[in-house]
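>
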Amino acid sequence: MSAKYQNEWKRIMKDKIYKDLDKLPSGRADSSITDGCLVLEGGGWKGLYTVGVLDCMMLNGINISSVIGVSAGALSSVGYISGQIGWSARIDLTYRHDINYCGLGAVLRDHGVTGFTYLFNDITKALPLDEERLMSPDRKLAVTATNLLTGKITYFQKGKCDLFRAIQASATVPYVSMPVMIDGVPYLDGGCAEKIPFSRVERSGRDKVVVVRTRELSYRRKPGASRLARICYGKYPNFVRSLEAANGNFNAAADRIEQRARDGSLFLIAPSEPVTVSRFDGDMDKLGALYWLGFHDMERRVDELKGYLGMAV
658 MSAKYQNEWK RIMKDKIYKD LDKLPSGRAD SSITDGCLVL EGGGWKGLYT
708 VGVLDCMMLN GINISSVIGV SAGALSSVGY ISGQIGWSAR IDLTYRHDIN
758 YCGLGAVLRD HGVTGFTYLF NDITKALPLD EERLMSPDRK LAVTATNLLT
808 GKITYFQKGK CDLFRAIQAS ATVPYVSMPV MIDGVPYLDG GCAEKIPFSR
858 VERSGRDKVV VVRTRELSYR RKPGASRLAR ICYGKYPNFV RSLEAANGNF
908 NAAADRIEQR ARDGSLFLIA PSEPVTVSRF DGDMDKLGAL YWLGFHDMER
958 RVDELKGYLG MAV
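Start counting the sequence shown at 658; every next residue gets the next number (our numbering).
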């Protein structure tokens, strides 16, 4: 995308781009690496809360060695692992109403509501991605997607898969998108089976775990799944069972995470006020405000997080 085209596009779309785009932080994270595992919940456009948290972490030299993300969390992880402060926010707050990124163009090109091809092939020309740092083996990244045949989570690890294809699978929303095929297997959003990708970390017994939620701590889901699950995915009975169990599993995981945060074995950050942004929200003021909520929530707890990770305060 040429600079001339980008400027013209911004002029046309000025009312649909976040008005304070120029106030977003920018720069590069330093080269430090702190041992630990960062777990990122999904949530559609609520993921802008996570992006704000991660930008604040990078600005304060908190670069955790391992990340696991699902859905919007998988997308948010890219700018964090590549060390590009403000990169993810600028994409979401600039291109939210571009139909090639979210809309008809995405449907036609990628058979879903998010234009992954446009994101990774076109937007990255205007906002280049530091793929060298992203793909460095020094920083580990895994994204999760749900296998429709088994109904179980698959962890796709950076360096052992087509990472961008795996991210697409991880963030491909059910009901409104076609499954993403990887090695002949159909996948959809990792949140269909596990909305907070915590189970593997929990089993691993890692000492330092940081979880970023995208809903306030009091939020719990109604158990069960939509009747559409059996109508749309009847030929994948294991997947339907996972959809039906996912909300109850989410509630149980949220309880365990909060208990571990209370006993100090885990660091948990979540929105400090109720989140009103919906999965497909297009209100740019609300989206921008959610980013800054994440940024400022983290800003207030930077020293606490550094202390938990054993970093100098």
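Each residue gets a CB set at the ideal place from its N, CA and C atoms; glycine is no exception.
This structure is a prediction, so every number in the text was calculated from the model and none was measured.
For Lys797, I'd like the list of residues in its chain whose CB is within less than 6 Å of its CB, leaving aside the five on either flank, ordered along the chain.
As a first step, residue 797 must be located in the sequence shown, where it is residue number 140. Excluding residues within five positions, the ones whose Cβ falls inside 6 Å are Ser723.
> Expressed to the nearest angstrom, what Euclidean distance is found between the alpha-carbon atoms of Asp767 and Thr801?
Taking the first residue of the sequence shown as 1, we reach residue 767 at position 110. Taking the first residue of the sequence shown as 1, we reach residue 801 at position 144. When rounded, the distance between both Cα atoms is 19 Å.
> Based on the DSSP output, what are the partners of Phe924 in its beta bridges?
Working through the sequence shown from its first residue, we reach residue 924 at position 267. Paired residues: Val867.
> Run through DSSP, which three-state label would Pro843 get?
Mapped onto the sequence shown, residue 843 falls at position 186. If DSSP states are grouped into helix, strand and coil, Pro843 belongs with the strands.
> Using 10 angstroms around the beta-carbon of Met955, count the other beta-carbons present and answer buried if the total reaches 16, otherwise exposed.
Reading the sequence shown from its first residue, position 298 is the one you call residue 955. By the 10 Å Cβ count, Met955 comes out buried.
> Can you tell me where the alpha helix (DSSP H) with Asn778 in it begins and where it stops?
The residue given as residue 778 occupies position 121 in the sequence shown. Segment: none, Asn778 is in no alpha helix (DSSP H) and carries neither H nor E.
> Run through DSSP, which three-state label would Met968 get?
Numbered from its first residue, the sequence shown carries residue 968 at position 311. It is coil, neither helix nor strand.
> So, is Ser922 buried or exposed, given that buried needs 16 or more other C-beta atoms within 10 angstroms?
As a first step, residue 922 must be located in the sequence shown, where it is residue number 265. When all chains shown are included, Ser922 counts as exposed.
> What residue range does the alpha helix (DSSP H) around Lys943 cover?
Here residue 943 corresponds to residue number 286 of the sequence shown, with the count starting at 1. Its alpha helix (DSSP H) spans residues 941 to 956.
> For the pair the region 824 to 837 and the region 745 to 758, tell me if three or more CB-CB distances fall below 8 Å.
No: fewer than three Cβ pairs fall under 8 Å.
> What is the rounded straight-line gap between the Cα of Ser929 and the Cα of Val837?
Indexing the sequence shown from 1 puts residue 929 at position 272. Indexing the sequence shown from 1 puts residue 837 at position 180. Those two C-alpha atoms are separated by around 35 Å.
> Could you tell me how far apart the beta carbons of Leu947 and Tyr706 are, in whole angstroms, since I believe they sit closer than 8 Å?
Along the sequence shown, read from residue 1 onward, the residue named residue 947 stands at position 290. Along the sequence shown, read from residue 1 onward, the residue named residue 706 stands at position 49. Going by Cβ atoms, the distance from Leu947 to Tyr706 rounds to 5 Å, so yes, they are a contact pair.
> Quick one: what does DSSP say Lys892 is sitting in, helix, strand or coil?
Translated into positions along the sequence shown, residue 892 becomes position 235. In the structure shown, Lys892 sits in coil (DSSP, three-state: anything other than H, G, I, E or B).
> From Asp960 to Ile719, what does the alpha carbon distance come to, in whole angstroms?
Within the sequence shown, the letter at position 303 stands for residue 960. Within the sequence shown, the letter at position 62 stands for residue 719. Spanning the two alpha carbons is a distance of roughly 11 Å.
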